[in-house]
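Undergrad:
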Amino acid sequence: MATTNWQRQDVTQHYLEQVRGGIPFGAEQAKVMLQVVNHFTTNPKRIMDLGCGNGFLAELLLKTYPDASALLLDHSEPMIQEAHKHMSEYSDRCEIIHGDFSQSIKKYAEQNSVDCIVSGFAIHHLTHEKKKELYLDIYNLLSEGGVFVNIEHVASATSEIERLHDELFIDYLASHNDKNRDEVAKEHYNRPDKEDNILERVDIQVEWLRHIGFKHADCYFKWMELAVFGGVK
Ligand SMILES: C[S@@+](CC[C@H](N)C(=O)[O-])C[C@H]1O[C@@H](n2cnc3c(N)ncnc32)[C@H](O)[C@@H]1O
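Note that the working numbering has the sequence shown beginning at 13, numbered continuously upward.
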């Protein structure tokens, strides 16, 4: 199994307690995900959440679609424990699996069987080659008309925009947690999971999706380095 700093208890806890709720436009990103899913699938029955964390995205989908069931995958044991707690209300409709999407995800579902695959801030830990392999696996698992939405940390076009992203992100986190900005900046620039990031620009990743065969592949929402993109099979 691939190792990342997400397998650490302190990294998991810091993210869930201080970062997830403070992500700029986090609510809007989730809303766009639901809008895109709803437009293309109307009533998905089978859902997958890759790198589920505590299940935040799967929860929104299961709440929206009472007939759906979901498979949640994460390679972090502490996150899996958080997902079991957070998703307890939906335990009859979700399967939470400790697994690694850097290995093929084909073993988790039949081809053409999943109506909706989502991921939040997770796939950018893979190398670009592995990202492309995963997008192909996702395409193969999706049913005809099935939809993939990735809420993701992507690369800036220039280092100056990257600097702007970081500074604005720190502003948002400091305000969300009512914390001293210098302290948040120090945490942000020295955070252990930063070294796991392998970012790519969203326009390039959308092109990869088109090349695989995804229809309507596009970036549906973007603020600085945070993008919502995907496509339809
Ligand atoms: C930033 S968290 C996001 C969690 C959640 N999706 C959300 O939107 O809040 C990234 C998650 O991806 C998981 N992850 C990273 N690489 C992974 C891999 N190769 N296989 C499975 N999970 C992975 C981490 O363990 C972590 O829980």
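Ideal Cβ positions, reconstructed from N, Cα and C, are used throughout, including at glycine.
Tell me whether phenylalanine 113 sits in a helix, a strand or coil according to DSSP, three-state version.
TA: coil
Undergrad: Below 9 Å between beta carbons: does that hold for glycine 157 and threonine 15?
TA: Contact flag unset, no.
Undergrad: Tell me whether histidine 87 sits in a helix, a strand or coil according to DSSP, three-state version.
TA: coil
Undergrad: CB aspartate 61 to CB valine 130, shorter than 9 Å?
TA: yes
Undergrad: Is the region 132-140 touching the region 89-108, taking contact as three or more C-beta pairs under 8 Å?
TA: no
Undergrad: Do glutamate 94 and leucine 28 have their beta-carbon atoms positioned less than 9 Å apart in this structure?
TA: yes
Undergrad: Which one of Trp18, Glu101, Val23 has the shortest CA to CA distance from glutamate 199?
TA: Val23
Undergrad: I want to know whether the region 37-52 touches the region 235-242 - three or more CB-CB distances under 8 Å.
TA: Of all C-beta pairs linking the region 37-52 to the region 235-242, three or more are shorter than 8 Å, placing the two stretches in contact.
Undergrad: Is isoleucine 150 helix, strand or coil by DSSP?
TA: helix
Undergrad: Write down the C-beta distance between isoleucine 299 and aspartate 127 rounded to the nearest angstrom, noting that I regard them as a contact closer than 8 Å.
TA: Residue 299 is absent from the model: the chain starts at 13 and stops at 245.
Undergrad: Are the CB atoms of leucine 69 and isoleucine 163 within a distance shorter than 9 Å?
TA: Taking 9 Å as the Cβ cut-off, isoleucine 163 and leucine 69 qualify as a contacting pair.
Undergrad: Distance, Cα to Cα, alanine 186 vs glutamine 123?
TA: So the two alpha carbons sit approximately 44 Å from each other.
Undergrad: Pick from Ala82, Val218, Glu145: whose alpha carbon is nearest that of isoleucine 253?
TA: With the chain covering 13 to 245 only, the question about residue 253 has no answer from this structure.
Undergrad: Ends of the alpha helix (DSSP H) at glycine 38?
TA: 38-53
Undergrad: Regarding cysteine 64 and ligand 1, is the C-beta to nearest heavy atom distance less than 8 Å?
TA: Yes, the beta carbon of cysteine 64 sits closer than 8 Å to at least one heavy atom of ligand 1.
Undergrad: Buried or exposed: tyrosine 77, going by 16 or more other Cβ atoms within 10 Å of its Cβ?
TA: buried
Undergrad: Looking only at its chain, what residues have a beta carbon closer than 8 Å to the beta carbon of glutamate 207, apart from the 5 residues adjacent to it on each side?
TA: Asn17
Undergrad: Mind reading off the beta-carbon distance from histidine 98 to glycine 67? Whole number of angstroms is fine, and I expect it under 8 Å.
TA: 5 Å
Undergrad: Among Pro56, Asp190, Asp205, Arg213, whose alpha-carbon lies nearest the alpha-carbon of glycine 34?
TA: Of Pro56, Asp190, Asp205, Arg213, the residue nearest in Cα terms is Asp190.
Undergrad: Taking the alpha-carbon of asparagine 50 as reference, which of Val161, Ile92, Asp104 has the nearest alpha-carbon?
TA: Between asparagine 50 and the set Val161, Ile92, Asp104, the nearest pair of CA atoms involves Val161.
Undergrad: Determine the closest residue to aspartate 79 out of Asn55, Glu101, Leu72, with distance taken between C-alpha atoms.
TA: Asn55
Undergrad: With respect to 8 Å, is the separation between the Cβ of phenylalanine 113 and the closest non-hydrogen atom of ligand 1 below this value?
TA: yes
Undergrad: Taking the alpha-carbon of lysine 75 as reference, which of Leu221, Gly65, Lys245, Glu101 has the nearest alpha-carbon?
TA: Glu101
Undergrad: Cβ atoms of lysine 143 and glutamate 219: under 9 Å apart, would you say?
TA: no
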